[in-house]
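If you're matching them up, the sequences are chains C and R in order.
Each residue of the first sequence is one higher than the one before, starting from 1 at the first, in the numbering used here.
Each residue of the second sequence is one higher than the one before, starting from 10001 at the first, in the numbering used here.
Don't be surprised by glycine CBs; every beta carbon is placed ideally from N, CA and C.
Presented below is the structure to which this report refers.
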Amino acid sequence: MKRSSLVVFTLWFAACASARAEEISFNRDVRPILSANCFACHGLDAKQRKADLRLDVADGALAERDGHVAIKPGDLAKSEVWRRLISEDADVVMPPPSTKKKLTAEQKATIRKWIEQGAPYQKHWAFETPTKTADPPVQNGAWAKNSIDRFVLARLDKEGLAPRPEASRATLIRRVAFAVTGLPPTPKEVAEFEGDSSPQAYEKMVDRYLQSPRYGEEMGRHWLDVARYADTHGLHLDNERSMWAYRDWVIKAFNANQPFDKFTVEQLAGDLLPNPTQDQLIATGFNRCNVTTSEGGAIEAEWLYRYAVDRTSTTVQTWMGLTGGCAVCHDHKYDPLSAREFYSLYAFFYSAADPGMDRNTNTTDPFFKLSTAEQKAALTKLQADETVAKQQLEAIAARVAYADPADAQPPPAKQPVRDVWLDDVFPNGSKVTCSSRNNSVWATAPEVDPPLGRRALKQFGASNYHDKFENSLQPFVIPENPKLFVWVRLDEYEPSQTLSLELITSRGNRRFLWGNPKNYGAATTDKSWLGEAPPSNQWVELVVAADKLDLQPGDTVRSVSLAQFGGVAWWDGLIITGDTYPATDLRSSFTAWWKDRAGKETPGIPGELAAFLKAGPTLTRSASEEKPEDKKSNELKDKLRQFYLAFVARASDAELQQHQQAWLAANSAKTLLEEAIPGTFIFKDLDKPREAFVMLRGQYDKPGEKVEPNVPAVFPPLKKPTTESRSTRLDLANWLLAPDHPLTARVTVNRFWQQLFGTGLVKTSYDFGSQGEPPSHPELLDWLAIWYRENGWDTKALVRLLVTSATFRQDTRVAADLLRLDPENRLYARGPRFRLDAEQIRDNVLYVSGLINLEMGGRGVKSYQPPNLWEPVGYSDSNTRFYLQDHGPAIYRRSIYAFLKRTAPPPFMSNFDGPNREQFCTLRERSNTPLQALQLLNDTQHFESARAFGERILSEGGETADERITFAYRATLSRSPKPEELAVVRRALDQYLQRYRDDSAAAKQVISVGESKRKTNHPDTELAAYTLIANLILNLDETVMRN
Amino acid sequence: MHPFLESQRHQTRRQFFGSTGLRLGGTALAGMLANAATRTANAAPQMLPPLPGLPHFAPKAKAIIYLHMNGGPSQIDLWDHKPVLKEHFDKDLPDSIRKGQRITTMTSGQSRLPVAPSKFKFAQQGQCGTWVSELLPFTAKHVDDIAVIKSVHTNAINHDPACTFVMTGSEVPGKASLGSWLAYGLGSESNDLPAFVVLTPIWSSGAAAQALFTRMWSSGFLPSSYNGVALRSVGDPVLYVQNPPGVAARDRRVMLDALSQLNQRRFEELGDPEIQTRIAQYEMAFRMQSSVPDLTNLATESKETLDMYGPEVHKPGTFAASALLARRMIERGVRAVQILHRGWDQHGNLPRDITSQCYDTDQPIGALLTDLKQRGLLDSTLVVWGGEFGRTVYSQGTLTKENYGRDHHPRNFCMWLAGGGIKGGMTFGETDDFSYNVVANPCHINDLNATMLHCLGIDHERFSFKFQGLDQRLTGVEPQQVIQDILA
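Set out below in structure tokens:
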């Protein structure tokens, strides 16, 4: 559909509108010719302009220059343009032969007629404010259900054509259900509609679907194409980003029928509204959906520039339907958008607060935490609880009796210890790094049931995915007879290839491996290899014995790194046991600890104690001998000891231990909730705006003239609340929505029309400029644009208006002569018929089969995908290198919730023309390829759906084969099969029944595809045969089309 | 043209050509399959024609094999012999050479930019005497068929934009890749394989490597049916080409017979030609279920041939196996084959890692050229070798005589072309003594693209697609030139 047919369309007018052939319209007939052939040198772009002549505006073309005039109205002989057009002389003829452009005889005739008729100029149609015309008179007024139909019919009358009759109810309900919800109707819904004899049956049916939450999902996915939404950054590492909340906001906004003007303002400038709500901030994610990089060596300034260009182009495209990209490098050759004007628009976006380098994290600033009211309240309470628990612990520590074992004579005997190095939270004060570049990920029940505490550390994907924590406040000391334990659980489907536990100690590094040691450059003969990977899908306690640890009592561990390679693993409860001598133990003796910390930085120490601790133990006198100068230091020492007892030492008495544990529990409860609250990318400006410049030839390091935020001159001027201040994105958004703006409403209604009818009234919905196609029904486009705005930008009402028109309800049969006359159905003399979109095709089989999971929202899900699609392309260190499929209900979610990795999108999208979301897409193609056929036949998702549908047919479809096939047809196509169809399917069914009766092993294989469980006990043979019949019906042309 | 005729042409191309570039082989198919080992240029009428007017002139090459060495292979260690560098070992790169050019932020913070001469020996090879590094003994035997361009330069300094640029002629994502352009413009000569196929072999060192992006073989703004089709070594060679377990080919046949009857009925009812296209595509899918396994079955190759590609050819997914598959695809009429080999981004430990990369690729490339030549296919196949940029003469990180690293260098790097339309035994372009600046005959990436299109009979200036208000071209909006000097 991207294939331009500008010429076709122009000729189309010539062919179809012969009645008007003598009246030449500048915009309709002449401008396309001049634009394609002349404007590059005689148009808007001053730098490229030759002979200082403009032909795009009357002022230039009609002016006399040196006794010549380019175009003399009504006088061919005196028109230099005409002389040049028809010249045979290579030095004179226009366009010059070097351009390889040439006018056809027909085009020349058009120019001739236009000059003869007085060469009237018009501003390009799309830059004139829309005007409302009255409904035109039509021959068969009874056919029309609303104004849309009158405009369509008036045109058909002119062409001597008649519309098609209304389609059958079965066809209509399926058409509406897909158009409005992206899913087919259920057999029950079909029966209800067919049985409803009220005159408003159709409207009632439409309204029911408009109220469904599925409506927002269907509308939303179209918008997400424009917004270029995806779940990864898109460039270089292509790591995951967290902004699904924006996707969910779009769906919610459509479901709540948010008026399009608010929808616009919140996305472009939600952050600039007074006291913006959480939703208004999420909405600004629109301008954070662009691709970003953090490639090593990349130059910050270059990327800040590129992001602003992307945001400008996307905004211009989305609301104005113009291709701003050209003006990045030079004045637009065809449309009145100079480079200076482009950069004035760019100035609205160039002060964005997000960095040039996204840091490869999923939380690139500005990042906004999304807490619900309940979460906010719960968090406040947990924070208070934690504060209280901490205060109580400190109070106990202040009054507890403590005798330093270092002072005891004789020294106390050795004692058994069991120290927890890691449980629900990382140790106090430790520095934590995760190789994913994001925060570490923790899992709780029901995902896993941690053997210790409330959550387990989760690791997934990537080669050498690791979490490392170092320099904790509590020292990690090796006891005598040490034994290190850690719980681990490997994933059922994607067990890690290798597990690694690495310690950096005062006696050097120690690494311990389980599983394939090669991934860490080791061999099974190495000391570091402790055995095979543990069995998956269960908690296993790994043990490192003393001889393997090879450390001496008193050695300290500076950092611990837990890692896995290439799968999914959960870790929990890193514990060391052994014996310790209290007199020298850092967690028993205050003095020993203080000595150890002397001269070192200790993390997590309150400010006033830090220097005191670092200075080392000072000689202090007892209270009785205390001199005035000792007072301060004794106070500090007391405080330090209290701090030590509360947060560093093992509890020396029961009460202290109880409060230590209470505080740990409160702290982890608080941390767990804090970390469970997701966030999303939002758009913000820097406090102080960056200066913006025209960038010469589109190069980031070649600034030219300075520019201020402003809008192109061809449009109505920007209205600002105050004259002094710099214009903002909010001003820009309001300007787009002003009643005199010629484009926003037209562009928007055209996209909705395209969505519902398959092709826009302006076919080039991405280009309303002079290189795009003029509208097929200009009056109708303007009527709709004004109607939409005057009805408060009510999108549901607009959709309702479109789908309740008689134009929409026609049947799709097309006679050969009409097909010849109007192959693309631009006149609407028949109903719209086109292939379902990628998401609809997948959702359809899930819905018909009953497998679908209609849960809404949340992080992107990963359904079935053939192996090795991410791995061969992914950067080695990317956190989206390994595709880790979800399991259970997640794989049956609607397609809008699928995880979209930009550099390797899921085949169900890319095979069916889904964009990769690297840049905006306002128009998808509808290809028809053998790769699609292979996917619909063989993809696990599709074949499993056939299996589940087969089961449904057997359970719900009645007893006889004919009843069952009829049920399958009704469930899929909303209609019963015709006798001939029934016969064809029966024949195939009989063959399959025989086939699988003869080969029960094959039958077993067929009915075992996919992860979902069988629900019934139908014989294998029958189920296998009906699986293939379901597979057949789900592959019918009629099934993958919106009819 | 009348709108209906336009639409018909459109339909015809979409039905028979669009959609992965496959065209219906109808009755000719049996003959094609029987004859699969030879390119049967005139065995069947080309039901999937090129765009009207294409090729613009008689092409020298009908097909292209593009060997992309991803990461930026070091020109200084492979092709751009700079003996004088020995004298500059560990001396600073002179300011007169660097001229304040931008460098990446990976080395812009280095206190010094010390010159690192190549540790590898160079020798003159062939009749022509082209200098080649000892790392490439097999390729070296073919220098008389190769034109080395030493002066290729690009706009981008980082991998992602540079890869996008070298493959699509633009740094900004969204443009069409070379292979997609060729599939779009020239159609397919294969009855049962895609027009544009991509392979992404493994690299034996397994060291961390830069990413690839599907946009490197994407159709961009062209219809998505011109996307490159990945031929895979793990799982189905082409996605979903295998039936589910328990479904045999004859079961599929039963279904497709029923399916086409039912769809045909539907067509008779509605008259929409798209339904017939769908029927045809299902039949094509069915044929692919046998033609693709036939393509990837290397058991039919002789021992001599297999040996020539080296020991790795027996491992699926290696560069060697990919190179052999490339030849098999060219025989079967595939228009464009792209092999993207990762692992060439050697910021450190360059000598060790480049040796491993050359082990992967050199022998298979030599074998591919020999193999094509022996079968008379080299004259009609353009073979291209190169990365997305070059590497710096100065060392990144610690420099010793034996070990060094090199940063990205977009200002000049080497690529080579051989086969259809190319004058062998020559070098084009010169760089200064430091391989840091082009001093003669610069060749921009899009000059190279223009030259490749020329070899395939396409005038790059007249090969455009209207999108976003522009006549989009592979070679961009700036004027570009075909490098006439390297043409035969």
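Between residue i and residue j, how many whole angstroms is the CB-CB distance? I'm expecting something under 8 Å.
i	j	result
R/Arg10253	R/Asn10243	11 Å between Cβ atoms; not a contact.
C/Leu993	C/Ala968	Between C/Ala968 and C/Leu993 the Cβ distance is about 15 Å, and since that is not below 8 Å, they are no contact.
C/Thr577	C/Ser588	16 Å between Cβ atoms; not a contact.
C/Leu672	C/Leu636	Rounded, the Cβ-Cβ distance is 34 Å, inconsistent with contact.
C/Tyr334	C/Gly769	6 Å
C/Leu934	R/Leu10239	7 Å
What does residue i pair with, by DSSP beta-bridge criteria?
i	result
C/Gln564	C/Tyr465 and C/Leu499
R/Val10292	Its beta-bridge partners do not exist; DSSP assigns none.
R/Trp10416	R/Val10148 and R/Trp10385
R/Tyr10394	R/Val10115
C/Ile486	First, the amino acid is wrong: residue 486 of chain C is Val here, not Ile. Answer is C/Leu542, bridged to C/Val486.
C/Phe949	C/Phe949 pairs with nothing; no bridge assigned.
C/Phe834	C/Arg1042
R/Gly10489	Because residue 10489 of chain R is not part of the residues shown, which for chain R are 10001 to 10488, the question remains open.
Give a single yes or no on whether residue i has its beta carbon closer than 7 Å to a heavy atom of the ligand PLP.
i	result
C/Ala946	Looking at this structure, you won't find the ligand PLP or any other ligand, since it has none at all.
Can you list, in chain order, the residues of the segment 10303-10337 of chain R whose Cβ is nearer than 9 Å to any Cβ on chain C? Within the segment 10303-10337 of chain R, the residues whose Cβ lies closer than 9 Å to some Cβ of chain C are Gly10317, listed in chain order.
Closer than 9 Å, Cβ to any Cβ of chain C: which residues of the segment 10355-10373 of chain R, in chain order? none
Threshold first: 3 residues or longer. Then list the beta strand (DSSP E) segments lying entirely within the segment 10060-10142 of chain R, N to C. Within the segment 10060-10142 of chain R, the complete beta strand (DSSP E) segments at least 3 residues long are 10063-10069, 10122-10125 and 10130-10133, listed from N- to C-terminus.
Going residue by residue through the segment 61-107 of chain C, where are the continuous alpha helix (DSSP H) segments of at least 4 residues, counting only ones entirely within it? 80-86
Should the segment 10347-10355 of chain R be called in touch with the segment 10058-10078 of chain R, which here means at least 3 C-beta pairs below 8 Å? yes
Can you confirm whether the segment 313-327 of chain C touches the segment 368-383 of chain C when touching is taken to mean that 3 or more C-beta pairs between the two stretches lie within less than 8 Å? no
Quick check for students: name the residue ranges of the beta strand (DSSP E) that lie wholly in the segment 398-478 of chain C, counting only runs of 3 or more. 415-422, 431-434, 441-443, 456-460 and 465-470
So does the segment 247-258 of chain C actually touch the segment 684-698 of chain C, counting three or more Cβ pairs closer than 8 Å? no
Indicate whether the contact test is met: 3 or more Cβ pairs, each with one atom in the segment 10396-10405 of chain R and one in the segment 10334-10341 of chain R, closer than 8 Å. no
Please name the residues in the segment 10183-10215 of chain R whose beta-carbon is closer than 7 Å to at least one beta-carbon of chain C, in chain order. Thr10200, Ala10208, Ala10209, Gln10210, Ala10211, Leu10212, Phe10213, Thr10214 and Arg10215
Are the segment 467-477 of chain C and the segment 416-431 of chain C touching, with three or more C-beta to C-beta distances below 8 Å? With the cut-off at 8 Å, the segment 467-477 of chain C and the segment 416-431 of chain C touch.
Would you check if the segment 10222-10233 of chain R and the segment 237-255 of chain C touch, i.e. whether three or more CB-CB distances between them fall below 8 Å? no
Examine the Cβ distances between the segment 841-860 of chain C and the segment 896-905 of chain C and report whether three or more of them are shorter than 8 Å. Verdict: yes, contact present.
Contact set between the segment 10262-10281 of chain R and chain C, restricted to residues whose Cβ is under 9 Å from the partner: Leu10262, Asn10263, Arg10265, Arg10266, Phe10267, Glu10269, Leu10270, Gly10271, Asp10272, Pro10273, Glu10274, Ile10275, Thr10277, Arg10278, Ile10279, Ala10280 and Gln10281
Using 8 Å as the threshold, is the segment 836-852 of chain C in touch with the segment 934-942 of chain C, meaning 3 or more CB pairs across them? yes
Kindly confirm or deny that the segment 387-405 of chain C and the segment 323-330 of chain C touch, where touching means at least three C-beta pairs closer than 8 Å. no
Can you pull out the residues from the segment 10092-10114 of chain R whose beta carbon lies closer than 9 Å to at least one beta carbon of chain C? Arg10102, Ile10103, Thr10104, Thr10105, Met10106, Thr10107 and Ser10108
Extract the residue ranges of the alpha helix (DSSP H) inside the segment 10421-10457 of chain R, only unbroken runs of 4 or more that lie entirely within it. 10445-10455
Taking beta-carbon pairs under 9 Å, can you tell me which members of the segment 267-301 of chain C lie near chain R? Val291, Thr293, Glu295, Gly296, Gly297, Ala298, Ile299 and Glu300
Between the segment 864-890 of chain C and chain R, which residues of the former have a C-beta closer than 9 Å to a C-beta of the latter? Pro866, Pro867, Asn868, Leu869, Glu871, Pro872, Val873, Gly874, Tyr875, Ser876, Asp877, Ser878 and Arg881
Mind listing which residues of the segment 10455-10470 of chain R have their C-beta closer than 9 Å to chain C's C-betas, in chain order? Hits within the stretch, in order: Asp10459, Glu10461, Arg10462, Phe10465, Lys10466, Phe10467, Gln10468, Gly10469 and Leu10470.
Output the residue ranges of the beta strand (DSSP E) runs that lie fully inside the segment 321-401 of chain C and measure 3 residues or longer, sorted by chain position. You should have 367-369.
Would you check if there are 3 or more beta carbon pairs closer than 8 Å linking the segment 951-966 of chain C to the segment 10294-10302 of chain R? no
My parser needs the alpha helix (DSSP H) runs of 4 or more residues fully inside the segment 198-285 of chain C; what are they? 201-211, 214-227, 244-255, 260-269 and 278-283
The segment 910-939 of chain C: which residues have C-beta closer than 8 Å to a C-beta of chain R, in chain order? Answer set for the segment 910-939 of chain C: Ser910, Asn911, Asp913, Asn916, Glu918, Gln919, Glu925, Ser927, Asn928, Thr929, Pro930, Leu931, Gln932, Ala933, Leu934, Gln935, Leu937, Asn938 and Asp939.
Report the residues of the segment 595-611 of chain C with a CB closer than 9 Å to any CB of chain R, ordered along the chain. none
Does the segment 10161-10173 of chain R come close enough to the segment 10422-10442 of chain R that 3 or more CB-CB pairs lie under 8 Å? no
Decide yes or no for the touch test of the segment 529-543 of chain C against the segment 473-486 of chain C: beta carbon pairs closer than 8 Å, at least 3 of them. yes
Under 8 Å, with one C-beta from each stretch per pair, do the segment 982-997 of chain C and the segment 10258-10272 of chain R reach the 3-pair mark? Touching, per the Cβ criterion.
What residues in the segment 10436-10453 of chain R have a beta carbon less than 7 Å from any beta carbon of chain C? none
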